[in-house]
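Counting in my numbering, the sequence shown runs from 30 upward without gaps.
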Amino acid sequence: MGATDSMLANTCAGCHGTNGNSHGPSAPTIAGLEADYLLETMQAYKSGNRSGTIMGRIVKGYTDGELEQIANFYSKQSFQGWTQAAVGPKAKQGQMLHEDFCEKCHEDGGTSIEDVPLAGQWMPYVEWTTADYLNGMNHPEKDMKKAMDKLAKAHPELSNATVAHSLSHFYGSRSADGYKRVPGRLK
30 MGATDSMLAN TCAGCHGTNG NSHGPSAPTI AGLEADYLLE TMQAYKSGNR SGTIMGRIVK
90 GYTDGELEQI ANFYSKQSFQ GWTQAAVGPK AKQGQMLHED FCEKCHEDGG TSIEDVPLAG
150 QWMPYVEWTT ADYLNGMNHP EKDMKKAMDK LAKAHPELSN ATVAHSLSHF YGSRSADGYK
210 RVPGRLK
């Protein structure tokens with residue numbers, strides 16, 4: 030008998046937290062995400078299509094079947110987002126960018142668990158990962174690539190770092206439960 034889903038997923042807890050709810054700024058919460066998305070993400074790390082500090086090395090130690098078990102385990106866990114101290118003007122700029130370029134896929138201001146929730150993820154992780162996409166270190170799917178190209182063309186005055194920073198503040202300003210706006214925050 031092979032390892033159970035939870036046994037395999039246990040090795041991820043050091044970075045992604047118990048049951049996939051990260052407690053640190055450098056790793057995302059993966060609890061409650063769709064199994065297909067998690068599997069595709071791990072396969073992208075394994076193939077080198079997505080950059081990471083350690084994920085590319087870790088996933089190479091697992092078979093495709095084991096990665097599927099890990100994805101299934103985390104998809105059944107409950108997502109817990111984190112409310113963070115975002116800076117208002119940066120968050121407002123991030124909100125504008127989100128509404129114009131990201132909302133189509135990351136619905137409800139990035140809070141939809143049906144999509145990949147960005148609200149409630151750690152701000153540093155969102156900033157670094159967004160910058161990796163904008164700088165070509167990660168290879169986005171076709172629709173995301175189009176949105177990023179459209180953003181760059183519409184706002185040549187904004188550096189990739191500014192875009193990533195503003196978006197991270199917008200998503201960080203969203204409520205920790207991932208479903209409601211924080212009172213007194215962005216309107």
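Glycine included, each C-beta is placed from N, C-alpha and C at the ideal position.
- With a minimum length of 3 residues, there is no unbroken run of beta strand (DSSP E) contained wholly in the segment 152-201.
- Under the Cβ criterion (8 Å, minimum of three pairs), the segment 91-108 counts as touching the segment 31-49.
- Annotation for H52: G46 place their beta carbon closer than 6 Å to its own, counting only its chain and skipping 5 residues before and after.
- By the criterion of a C-beta distance shorter than 8 Å, A56 is surrounded in its chain by C44, H45, G46, W151 and Y154, once the five residues flanking it on both sides are discounted.
- Assignment of Q150 by DSSP, reduced to helix, strand and coil, places it in the coil class.
- In this structure, the beta-carbon distance from F130 to A60 does not fall below 8 Å.
- As the crow flies, the alpha-carbon of A181 is around 16 Å from that of M166.
- Where Q98 is concerned, the enclosing alpha helix (DSSP H) starts and stops at D93 to S104.
- For Q122, the enclosing alpha helix (DSSP H) stretches over residues G117 to L126.
- For Q72, the secondary structure class from DSSP, reduced to helix, strand or coil, is helix.
- With respect to the C-alpha of L68, the residue from N164, A38 and N50 having the closest C-alpha is A38.
- Annotation: E186 to A193 spans about 14 Å, alpha carbon to alpha carbon.
- With contacts defined as CB atoms closer than 8 Å, A120 and S202 qualify as a contacting pair.
- In terms of Cβ geometry, G110 and P146 form a close pair [threshold 8 Å].
- Scanning E63, A42 and N50 for the CA closest to the CA of E143 turns up E63.
- If you ignore the 5 residues before and after E156, its C-beta comes within less than 6 Å of the C-beta of A193, H194 and S197, all in its own chain and listed in chain order.
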